[in-house]
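S.K.:
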Amino acid sequence: MKRQIPLMLVLVLGILFFVQFFVPSQLSMEIYQMALQWSIVIGAFAIVLAIGSLVNHHTLKIKRRKEHFWNSYVTLFALFAMAFLGIFGRIESLSFMSAWFRKLFLYVQAPMDSAMFAILAFYMASAAYRAFRARSKEAMLLLISGFIIMLGVVPFGAYLWGRIPDIAEWIMMVPNMAAKRGILFGVGLGMTATSLKIILGIERNWLGGGGK
Amino acid sequence: MSTNIWVWIAALLSLCIFSYLYKDNPAFRFAEHLFTGLSVGYLIVLYWNNYALPYIITPLADKRWITLIPMLIGMMYLFRFVPKLNHLILIPIAISLGFWNGMSIPLTIEADVLKQVQGTMINTSMLSNIWHPQNGLAVGLMVLVGVISTISYFYFSREHKGVLRFSSNIGIWFVMIGFGATFGYTVMARVSLLIARMQFLFTDWIHLIK
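So the sequences go chain by chain: A and B. Mapping of the first sequence onto our numbering: residues 1 to 212, in sequence order. Mapping of the second sequence onto our numbering: residues 213 to 422, in sequence order.
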């Protein structure tokens with residue numbers, strides 16, 4: 001029974017909202033809108049669970065005095081400070097909190113965010129060295145295409161030869177799009193097949209315990 | 213050098229992150245944990261403003277009690293922390309899965325399958341300008357061949373020999389050009405972020421570049 005009810009719910013709701021798409025009535029749209037709002041409310045509690053798990057993880061790390069546990073204090077303090085300032089900063093008399101929230105976002109979070117992604121440039125350069133060694137025809141194509149795109153999006157490419165940006169755009173718009181379209185087509189069919197398997201109860205991994 | 217304390221904080225934290233290029237170190241770990249905490253805190257505020265306030269707090273304040281039903285269902289997620297009632301967490305998961313999967317099937321087929329087929333089709337307007345680099349018939353045929361051969365490369369239900377082998381070989385060329393283009397584009401996006409960080413450090417922080 002612990003598994004039958006969730007499976008039944010997935011089947012009934014899955015079929016209902018699949019059919020709903022093909023019923024162009026006012027009632028159908030109202031049901032869809034209500035379900036959308038309900039799923040947002042339900043999803044909001046999943047976030048509570050996720051945050052709870054994070055807090056739990058760091059609290060346990062502090063309790064057990066694990067290696068580098070003091071960093072967990074930093075995470076927990078930053079989490080609660082940011083949330084507190086953002087939520088209570090909406091109150092008019094506490095608008096200074098909103099200003100602090102903005103400062104923390106602009107001068108602490110955003111710089112670290114872009115620095116974190118910027119260091120990937122170095123790792124990608126080293127990965128590119130290994131990947132772009134033209135050992136086969138296919139690797140050669142990868143190398144040429146990547147190289148032209150990199151040159152095409154910076155002024156230096158146009159400085160070398162005026163047609164490079166046009167060639168880069170053509171690669172993006174024609175062969176790249178053809179490949180992406182083929183992949184997207186496969187992804188679409190795969191997603192549909194997986195959705196059907198979940199609705200019909202063939203795919204049960206989400207129940208936990210390996211679907212048994 | 214800047215006299216703004218916030219610019220100093222931003223610069224030093226950026227350097228903490230960049231220090232990982234040398235090796236893992238306490239400064240990086242501090243910045244990493246600070247970043248995690250702030251990002252989750254920001255996510256909480258985002259959810260509070262965009263979802264909790266308009267979809268939970270405001271309806272309840274307006275005495276729209278029907279909101280209590282999805283709230284109660286959502287609260288079942290919290291049974292994750294009650295071992296004896298752990299299985300009840302499957303109810304909100306099942307409701308979300310049923311709704312999103314049922315709704316997504318026609319939308320996915322429409323956006324990822326039918327629209328892609330439609331975009332690949334040769335249309336009459338292409339005939340008027342056969343050699344146009346983006347909308348001509350030659351390009352249309354090339355895209356058609358690219359899409360079909362890419363799909364054939366990912367078709368694993370039959371051994372790749374004969375026509376299928378020929379087609380999948382062409383497919384891998386398209387896939388490689390596509391991956392190369394994506395790689396090049398991603399590298400340049402990351403490099404532009406790096407340039408922006410360097411600009412900040414050398415312009416806003418130490419005023420080396422005016």
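The beta carbon of each residue, even a glycine, is placed where N, CA and C say it ideally should be.
Quick one: does residue 37 of chain A have its CB under 8 Å from some CB of chain B?
M.R.: Interface residue, yes.
S.K.: Please state whether DSSP places residue 374 of chain B in a helix, a strand or coil.
M.R.: Three-state result, residue 374 of chain B: coil.
S.K.: Should residue 51 of chain A and residue 257 of chain B be called a contact, given that it needs their Cβ atoms to be closer than 8 Å?
M.R.: Contact: no.
S.K.: Show which residues of chain A have a CB atom less than 8 Å away from the CB atom of residue 399 of chain B.
M.R.: Within chain A, the residues near residue 399 of chain B are 121, 124, 125, 128, 146 and 150.
S.K.: Please report whether the beta-carbon of residue 212 of chain A lies at a distance below 8 Å from any beta-carbon of chain B.
M.R.: Because the pLDDT at residue 212 of chain A is just 47, under 50, the model does not fix this residue reliably, and the value given afterwards should be weighed accordingly. Taking Cβ atoms only, chain B never reaches closer than 8 Å to residue 212 of chain A, which makes this a no.
S.K.: Quick check on residue 420 of chain B: does DSSP put it in helix, strand or coil?
M.R.: DSSP places residue 420 of chain B in coil when its eight states are reduced to three.
S.K.: Which residues of chain B have a Cβ atom closer than 9 Å to the Cβ of residue 138 of chain A, listed in chain order?
M.R.: Correct list: 384, 385, 387 and 388.
S.K.: Is the separation between the beta-carbon of residue 104 of chain A and that of residue 82 of chain A shorter than 8 Å?
M.R.: Taking 8 Å as the Cβ cut-off, residue 104 of chain A and residue 82 of chain A qualify as a contacting pair.
S.K.: Taking the straight line between their C-alpha atoms, what separation do you get for residue 332 of chain B and residue 117 of chain A?
M.R.: Taking the straight line from one Cα to the other gives about 35 Å.
S.K.: When you compare the CB of residue 416 of chain B with every CB in chain A, is at least one pair closer than 8 Å?
M.R.: It does not; no Cβ of chain A falls within 8 Å.
S.K.: If you drop the 5 nearest sequence neighbours on each side, which residues of the same chain put their C-beta closer than 7 Å to that of residue 242 of chain B?
M.R.: Answer for residue 242 of chain B: 228, listed in chain order.
S.K.: List the whole-angstrom C-beta distance separating residue 112 of chain A from residue 404 of chain B, where the pair is believed to meet the contact cut-off of C-beta under 8 Å.
M.R.: Actually they are not in contact, since the Cβ atoms of residue 112 of chain A and residue 404 of chain B sit about 17 Å apart, beyond 8 Å.
S.K.: Note the first and the last residue of the continuous alpha helix (DSSP H) segment covering residue 288 of chain B.
M.R.: Segment: none, residue 288 of chain B is in no alpha helix (DSSP H) and carries neither H nor E.
S.K.: Assign residue 302 of chain B to buried or exposed, taking buried as 16 or more other Cβ atoms, counted over all protein chains shown, within 10 Å of its Cβ.
M.R.: Its Cβ being crowded by 16 or more others within 10 Å, residue 302 of chain B is buried.
S.K.: Which bits of chain A does residue 339 of chain B rub up against, with CB to CB less than 9 Å?
M.R.: Simply none; closest approach about 18 Å.
S.K.: Among B:376, B:372, B:233 and B:392, which one has its Cα closest to the Cα of residue 137 of chain A?
M.R.: Checking every option, the nearest Cα to that of residue 137 of chain A belongs to B:392.
S.K.: Under 8 Å between C-beta atoms, does residue 500 of chain B make it to chain A?
M.R.: Since the first residue of chain B shown is 213 and the last is 422, residue 500 of chain B is not available in this structure.
S.K.: So which residues on chain A does residue 303 of chain B lean against when the C-beta distance must stay under 9 Å?
M.R.: Simply 5, 6 and 9.
S.K.: Consult DSSP for residue 119 of chain A and reduce its assignment to one of helix, strand or coil.
M.R.: Here residue 119 of chain A sits in helix by DSSP.
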